[in-house]
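Enquirer:
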Amino acid sequence: MQKLGIDMSAGGGLMYGGSGKDAAKSSSKAERDQQKRRAAAHEAQRRGRDKDRERSRSKSEGRRKSSGSGKAGGAQQQRKGRGIPIIIVPPGFSSLINMYNAKGFLQDSQFETWQASKERMDAQGVGRDNIVILQRTHLRESPVVYHVVDNANAISGKDWARVVAVFTQGASWQFREFPYKDTVDVFQHVRGFHLRFEEEPKVPESVRGWDVKVLWISRNNRHKDRTAAMQFWEALDQFLASNRSTLAY
Numbered sequence: 001m002q003k004l005g006i007d008m009s010a011g012g013g014l015m016y017g018g019s020g021k022d023a024a025k026s027s028s029k030a031e032r033d034q035q036k037r038r039a040a041a042h043e044a045q046r047r048g049r050d051k052d053r054e055r056s057r058s059k060s061e062g063r064r065k066s067s068g069s070g071k072a073g074g075a076q077q078q079r080k081g082r083g084i085p086i087i088i089v090p091p092g093f094s095s096l097i098n099m100y101n102a103k104g105f106l107q108d109s110q111f112e113t114w115q116a117s118k119e120r121m122d123a124q125g126v127g128r129d130n131i132v133i134l135q136r137t138h139l140r141e142s143p144v145v146y147h148v149v150d151n152a153n154a155i156s157g158k159d160w161a162r163v164v165a166v167f168t169q170g171a172s173w174q175f176r177e178f179p180y181k182d183t184v185d186v187f188q189h190v191r192g193f194h195l196r197f198e199e200e201p202k203v204p205e206s207v208r209g210w211d212v213k214v215l216w217i218s219r220n221n222r223h224k225d226r227t228a229a230m231q232f233w234e235a236l237d238q239f240l241a242s243n244r245s246t247l248a249y
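Residue numbering for the sequence shown follows the UniProt record's numbering, starting at 1 and increasing by one per position.
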């Protein structure tokens, strides 16, 4: 019976040797298949964890970039303060900028002589106001209102806190009505500017001695107007930020 592949068990049962080998082979193959499935499952889990980590890193980097962009752009947003800033221009007609052409230069970045502005306004029947209202758009997502005046006497005590800039031709009498002891004190509280044609490079000695920023424009080349206007706003922003102004500038 052994030749036939049949054996007798101790209990008298029949054991088929050939079938037993087949069963062992089948069992071994099943184990190998199961091991392969487990290995594949582990590999899939590993890849899934790697993808999750990659997504997490991407989100973290995105948040950092967004935060950095917000901080960079924050300096270009309108300050959420209170009070309209005031800019003072010279009251006479000897300055390149006064109440007639201040709006065109500061708001529209386009310089026009005050004589030409006055003639145009007269032809339109528009009189000169005591306060020029301009809307600043440079480095701002929405317009910011500024007031331009030329009469320091008309500024009340509490409103001096809103005076942020002054254009000067170098005459010290312009500051007689300012509530500060001298010009040094003036320019510690108010940012000083001097507008000048580059064809006339000799800056007045008084202006050179004061803490005043000179803005250069061309007598005939209007392409340079925008650069000078941008320099005005950027210098004013830096001044107000350093003084921690609470105005809406």
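Cβ atoms here follow ideal geometry from the backbone N, Cα and C, with glycine treated the same way. The structure presented is a predicted model; accordingly, all values stated were derived computationally and were not measured.
How close, in whole Å, do the beta carbons of W210 and T183 come, if the pair is a contact with beta carbons under 8 Å?
Expert: For the purposes of this step, residue 210 is taken as the residue at position 210 of the sequence shown. For the purposes of this step, residue 183 is taken as the residue at position 183 of the sequence shown. With a Cβ gap of about 6 Å, W210 and T183 count as contacting.
Enquirer: Please classify W173 as buried or exposed, where buried requires at least 16 other C-beta atoms within 10 Å of its C-beta.
Expert: Counting from 1 along the sequence shown, the entry for residue 173 is found at position 173. Exposed.
Enquirer: Within the continuous alpha helix (DSSP H) that includes K103, where are the two ends?
Expert: As a first step, residue 103 is located in the sequence shown; it is residue number 103 there, counting from the start. From DSSP, the alpha helix (DSSP H) with K103 extends over A102 to L106.
Enquirer: Quick check: what's the CA-CA separation for V89 versus V148?
Expert: Stepping through the sequence shown from its first residue, residue 89 is reached at position 89. Stepping through the sequence shown from its first residue, residue 148 is reached at position 148. If you take the alpha carbons of V89 and V148, they lie about 7 Å apart.
Enquirer: Looking at Y180: is its Cβ nearer than 7 Å to the Cβ of I87?
Expert: Position 180 of the sequence shown holds residue 180. Position 87 of the sequence shown holds residue 87. No; because the gap between Cβ atoms is not below 7 Å, this pair is not in contact.
Enquirer: Take Q238 as the anchor and find which of L139, D185, D108 and E43 has the nearest alpha-carbon.
Expert: Numbered from 1 along the sequence shown, position 238 holds the residue referred to as residue 238. It is L139.
Enquirer: The ligand PLP heavy atoms versus the CB of G157: any closer than 6 Å?
Expert: In the structure shown, the ligand PLP is absent, as is every other ligand, since no ligand is present at all.
Enquirer: Looking at C-alpha atoms only, which residue of N153, G157 and K158 is the closest neighbour of E177?
Expert: The residue you call residue 177 lines up with position 177 of the sequence shown. For E177, the nearest C-alpha among the options comes from N153.
Enquirer: With C-beta atoms as the reference, is L236 less than 7 Å away from G81?
Expert: Reading the sequence shown from its first residue, position 236 is the one you call residue 236. Reading the sequence shown from its first residue, position 81 is the one you call residue 81. Cβ distance not < 7 Å, so L236 and G81 don't count as in contact.
Enquirer: So what's K65 in DSSP terms, helix, strand or just coil?
Expert: In the sequence shown, residue 65 corresponds to position 65, counting from 1. Below a pLDDT of 50, predicted positions are generally treated as unreliable, and K65, at 44, falls in that range; the measurement from the model is reported next regardless. It is helical.
Enquirer: In whole angstroms, what separates the C-alpha of D122 from that of V212?
Expert: Counted from its first residue, the sequence shown places residue 122 at position 122. Counted from its first residue, the sequence shown places residue 212 at position 212. Roughly 33 Å separates the two Cα atoms.
Enquirer: Taking the beta strand (DSSP E) that A165 falls in, what are its first and last residues?
Expert: For the purposes of this step, residue 165 is identified with residue 165 of the sequence shown, where counting begins at 1. Where A165 is concerned, the enclosing beta strand (DSSP E) stretches over V163 to F167.
Enquirer: Under the three-state reduction of DSSP, which class applies to V186: helix, strand or coil?
Expert: Translated into positions along the sequence shown, residue 186 becomes position 186. The answer is helix: DSSP assigns V186 an H, G or I state.
Enquirer: Could you give the C-beta distance for L106 and A229, rounded to a whole number, given that I count them as a contact under 8 Å?
Expert: Against the sequence shown, residue 106 aligns to sequence position 106. Against the sequence shown, residue 229 aligns to sequence position 229. About 6 Å; that satisfies the 8 Å criterion.
Enquirer: Within 10 angstroms of its Cβ, does G192 collect 16 or more other Cβ (buried), or is it exposed?
Expert: For the purposes of this step, residue 192 is taken as the residue at position 192 of the sequence shown. When all chains shown are included, G192 counts as buried.
Enquirer: I'd like to know whether the C-beta of W233 is nearer than 7 Å to at least one C-beta of chain C.
Expert: In the structure shown, chain C cannot be found, because there is only a single protein chain.
Enquirer: Cβ atoms of V214 and G170: under 7 Å apart, would you say?
Expert: In the sequence shown, the residue the question calls residue 170 occupies position 170. In the sequence shown, the residue the question calls residue 214 occupies position 214. No, they are not a contact pair.
Enquirer: Near S95, what residues of its chain come up, given a Cβ to Cβ distance below 6 Å and the 5 sequence neighbours on each side ignored?
Expert: On the sequence shown, residue 95 is found 95 positions in, with the first residue counted as 1. Around S95: Q169.
Enquirer: Around the C-beta of S245, are 16 or more other C-beta atoms found within 10 angstroms, so that it is buried, or is it exposed?
Expert: The count along the sequence shown starts at 1 and reaches residue 245 at position 245. Buried, by the Cβ-count rule.
Enquirer: How many angstroms separate the CA atom of V203 from the CA atom of R196?
Expert: Within the sequence shown, residue 203 is the residue found at index 203, counting from 1. Within the sequence shown, residue 196 is the residue found at index 196, counting from 1. Approximately 8 Å, taken between the alpha carbons.
Enquirer: Which residues in the same chain have their Cβ closer than 8 Å to the Cβ of I131, if we skip the five residues on either side of it in sequence?
Expert: Position 131 of the sequence shown, counted from the first residue, corresponds to residue 131. H147, V148 and V149, listed in sequence order.
Enquirer: On the DSSP bridge assignment, give the partners of Q135 in chain order.
Expert: Counting from 1 along the sequence shown, the entry for residue 135 is found at position 135. Beta-bridge pairing links Q135 to V145.
Enquirer: Would DSSP call W210 helix, strand or coil?
Expert: Here residue 210 refers to the residue found at position 210 of the sequence shown. W210: coil per DSSP, three-state reduction.
Enquirer: Are the beta-carbon atoms belonging to M99 and R128 less than 7 Å from one another?
Expert: Translated into the one-based positions of the sequence shown, residue 99 becomes position 99. Translated into the one-based positions of the sequence shown, residue 128 becomes position 128. Taking 7 Å as the Cβ cut-off, M99 and R128 qualify as a contacting pair.
Enquirer: Hey, P85 and R162: beta-carbon distance below 7 Å or not?
Expert: To locate residue 85, count along the sequence shown from 1; it is residue 85. To locate residue 162, count along the sequence shown from 1; it is residue 162. Yes.
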